[in-house]
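Those protein sequences? They're chains A and B, same order as listed. Number 88 in our numbering belongs to position 88 of the first sequence; there are no gaps in the numbering. Position in the second sequence (from 1) plus 1000 gives the number in our numbering. From the three backbone atoms N, C-alpha and C, an ideal C-beta is built for every residue, glycine too. Just so you know, these numbers come straight off a predicted model, no measurement behind them. Worksheet: one structure, shown below.
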Amino acid sequence: NAGVTQTPKFRVLKTGQSMTLLCAQDMNHEYMYWYRQDPGMGLRLIHYSVGEGTTAKGEVPDGYNVSRLKKQNFLLGLESAAPSQTSVYFCARRREYGYTFGSGTRLTVV
Amino acid sequence: AQSVTQLGSHVSVSEGALVLLRCNYSSSVPPYLFWYVQYPNQGLQLLLKYTTGATLVKGINGFEAEFKKSETSFHLTKPSAHMSDAAEYFCAVSDRYGGSQGNLIFGKGTKLSVKP
């Protein structure tokens, strides 16, 4: 999935720990999105950004924070991880109606 | 608000048989519609999309989908299934006039199994 890079690819956290997931694009597209994927639920929007310095809540924002200090990077933070946040996280960017997804981060909270 | 319903969380077909994965959407405006495929432990790959123009859209790997406004459907088909088609398929609609700035609203997915 050239164009959008997610780090890390895998992570195991203990309940209550914090972490930041990084999404980096190789262009300067305005629109970026964070999704979580859970079995049988499809992908659901956590937060999104319409440009540098702007973020907004999506469908399932609780327990997450985001920042977009640079246009290329969209960070997703978990301040105090919970087992319910065990999921696969995908970042995407949009240019008009072409979407590019990252390869995902598989997070397990124990 | 837009929404997507995929009928059937699991579909099983024999190799060489027709693949039909159903997707219905709800939208108050002309929709932009997408099909994605996800192979196990991998990311999302775009199969095809409909924005404007011809309602029959051809995608990669021999898949196609037809936008039917009167039926609010965008079903995905492939004439002859191959073992390599086994994957999970997601239909999505773009929330292009909604509050989330073009966010993709996904269906819950359909897992396709292909029997030899």
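Please report the Cβ distance between A/Tyr64 and A/Tyr48, rounded to the nearest whole angstrom; I am assuming they are in contact, meaning their Cβ atoms lie under 8 Å. For this step, residue 64 of chain A is matched to residue 64 along the first sequence. For this step, residue 48 of chain A is matched to residue 48 along the first sequence. In fact, because the Cβ distance is near 12 Å, the residues do not count as touching under 8 Å.
Using 8 Å as the limit for Cβ to Cβ distance, is A/Val50 near chain B? Position 50 of the first sequence, counted from the first residue, corresponds to residue 50 of chain A. It does; some Cβ of chain B falls within 8 Å.
With DSSP collapsed to three states, give me the class of A/Met27. Looking up residue 27 of chain A in the first sequence gives position 27. A/Met27 falls in the coil class under three-state DSSP.
Would you identify the three-state DSSP class for A/Ser189, choosing helix, strand or coil? Since the first residue of chain A shown is 1 and the last is 110, residue 189 of chain A is not available in this structure.
Any contact of the region 5–19 of chain A with the region 48–60 of chain A, i.e. 3+ C-beta pairs under 8 Å? no
Span of the beta strand (DSSP E), counted from its first residue to its last, around A/Asn73: As a first step, residue 73 of chain A is located in the first sequence; it is residue number 73 there, counting from the start. Note, A/Asn73: beta strand (DSSP E), 73–78.
What do you get for A/Glu96, buried or exposed, if any count of 16 or more other CB atoms within 10 angstroms of its CB means buried? Translated into the one-based positions of the first sequence, residue 96 of chain A becomes position 96. So A/Glu96 ends up on the exposed side.
Inter-residue spacing [alpha-carbon to alpha-carbon] between A/Lys70 and A/Arg11: The residue given as residue 70 of chain A occupies position 70 in the first sequence. The residue given as residue 11 of chain A occupies position 11 in the first sequence. Computed Cα separation, rounded: 24 Å.
I need the boundaries of the beta strand (DSSP E) containing B/Glu1015, first residue and last residue. Here residue 1015 of chain B refers to the residue found at position 15 when the second sequence is read from its first residue. Element bounds for B/Glu1015: n/a, residue is neither H nor E.
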